[in-house]
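Undergrad: Just so we're aligned: the sequence shown equals residues 4 to 186 in the numbering used here.
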Amino acid sequence: MISLNDLKKRHEAIYGGESRIFSAPGRVNLIGEHTDYNDGFVLPMAIDRRTYVSVSAGKDRIIRCRSTGFDGEVRVDLNQPIAPGSDWGNHVRGVAANLVKEEYELVGANILIDGEVPLGAGLSSSAALEVAIGYGLLQLADEPVDPVDLAVICQRAEQEFTGTQCGIMDQYIACLGIADHAS
Numbered sequence: 004m005i006s007l008n009d010l011k012k013r014h015e016a017i018y019g020g021e022s023r024i025f026s027a028p029g030r031v032n033l034i035g036e037h038t039d040y041n042d043g044f045v046l047p048m049a050i051d052r053r054t055y056v057s058v059s060a061g062k063d064r065i066i067r068c069r070s071t072g073f074d075g076e077v078r079v080d081l082n083q084p085i086a087p088g089s090d091w092g093n094h095v096r097g098v099a100a101n102l103v104k105e106e107y108e109l110v111g112a113n114i115l116i117d118g119e120v121p122l123g124a125g126l127s128s129s130a131a132l133e134v135a136i137g138y139g140l141l142q143l144a145d146e147p148v149d150p151v152d153l154a155v156i157c158q159r160a161e162q163e164f165t166g167t168q169c170g171i172m173d174q175y176i177a178c179l180g181i182a183d184h185a186s
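Rendered as structure tokens:
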């Protein structure tokens with residue numbers, strides 16, 4: 004994880020222009036692992052590890068996204084139907100597609116991703132990424148959103164674009180988790 008100041012500087016070196024930082028936490032689940040997608044009970048809580056996105060306005064209706072942890076740039080043309088690809092960018096594509104499906108008026112964006120939530124460690128790095136991307140895109144477009152609605156949109160994005168049949172727990176905590184509280 005690079006510092007937030009360095010993330011902004013790196014973003015501005017790649018894309019130019021002033022950027023804003025958005026983030027969402029990872030989570031642990033105290034009880035009920037693998038039960039939320041079967042309508043069971045869970046007791047998750049947000050952790051102090053977060054995924055950060057540095058976001059600036061684009062010049063057109065294209066989302067351009069890079070990650071400090073992966074090679075290449077993901078491009079999402081908001082004027083075209085958005086379909087899954089074969090890389091880490093499916094989280095970005097899925098969130099954008101589902102926000103458009105819900106009739107949010109997105110604008111082009113430049114995004115650089117970095118984070119502290121370890122990938123593949125069961126701490127919901129994908130949900131943290133989706134929620135941070137969602138908040139960044141919506142704020143850039145000056146579109147208000149209810150956190151519960153964003154959680155549902157991000158859950159659907161993960162299901163439809165990555166094939167993960169997840170429940171709502173991960174995205175819900177990434178949107179609504181409160182520091183030092185189990186929910």
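Positions of the beta carbon are idealized from the N, C-alpha and C atoms, including for glycine.
#1: Rounded to whole angstroms, what's the CA-CA distance from G75 to A131? Just pull it up for me.
#2: Check for me: the alpha helix (DSSP H) holding F44 runs from which residue to which?
#3: Mapping the DSSP letters down to three states, classify C68 as helix, strand or coil.
#4: Buried or exposed: where does V58 fall if 16 or more other Cβ atoms within 10 Å of its Cβ makes it buried?
#5: Out of A86, V79, V31 and G61, state which residue places its alpha-carbon closest to the alpha-carbon of G180.
#6: Give me the DSSP bridge partner(s) of N32.
#7: Can you tell me where the beta strand (DSSP E) holding V103 begins and where it ends?
#8: Between G92, N101 and H14, which has its C-alpha nearest G61's C-alpha?
#9: Decide if L81 is buried, meaning its Cβ has at least 16 other Cβ atoms within 10 Å, or exposed.
TA: Considering the structure as presented:
#1: Along the sequence shown, read from residue 1 onward, the residue named residue 75 stands at position 72. Along the sequence shown, read from residue 1 onward, the residue named residue 131 stands at position 128. Going from the Cα of G75 to the Cα of A131 covers about 21 Å.
#2: Here residue 44 is taken as the residue at index 41 of the sequence shown, counted from 1. No alpha helix (DSSP H) contains F44, which DSSP labels as neither H nor E.
#3: Start at 1 with the first residue of the sequence shown, and residue 68 comes out as number 65. In this structure, C68 counts as strand in the three-state DSSP scheme.
#4: Taking the sequence shown and counting its residues from 1, the one referred to as residue 58 is at position 55. Buried, since its Cβ has 16 or more Cβ neighbours within 10 Å.
#5: As a first step, residue 180 must be located in the sequence shown, where it is residue number 177. Measuring from the Cα of G180, the nearest candidate turns out to be V31.
#6: Counting from one through the sequence shown, the residue named residue 32 turns up at place 29. Note: N32 sits in a beta bridge opposite P47.
#7: Taking the sequence shown and counting its residues from 1, one reaches residue 103 at position 100. No beta strand (DSSP E) contains V103, which is instead part of the alpha helix (DSSP H) from N93 to K104.
#8: Here residue 61 refers to the residue found at position 58 of the sequence shown. Nearest of G92, N101 and H14 to G61, Cα basis: H14.
#9: As a working mapping, residue 81 is identified with position 78 in the sequence shown. It is buried - the Cβ of L81 has at least 16 other Cβ atoms within 10 Å.
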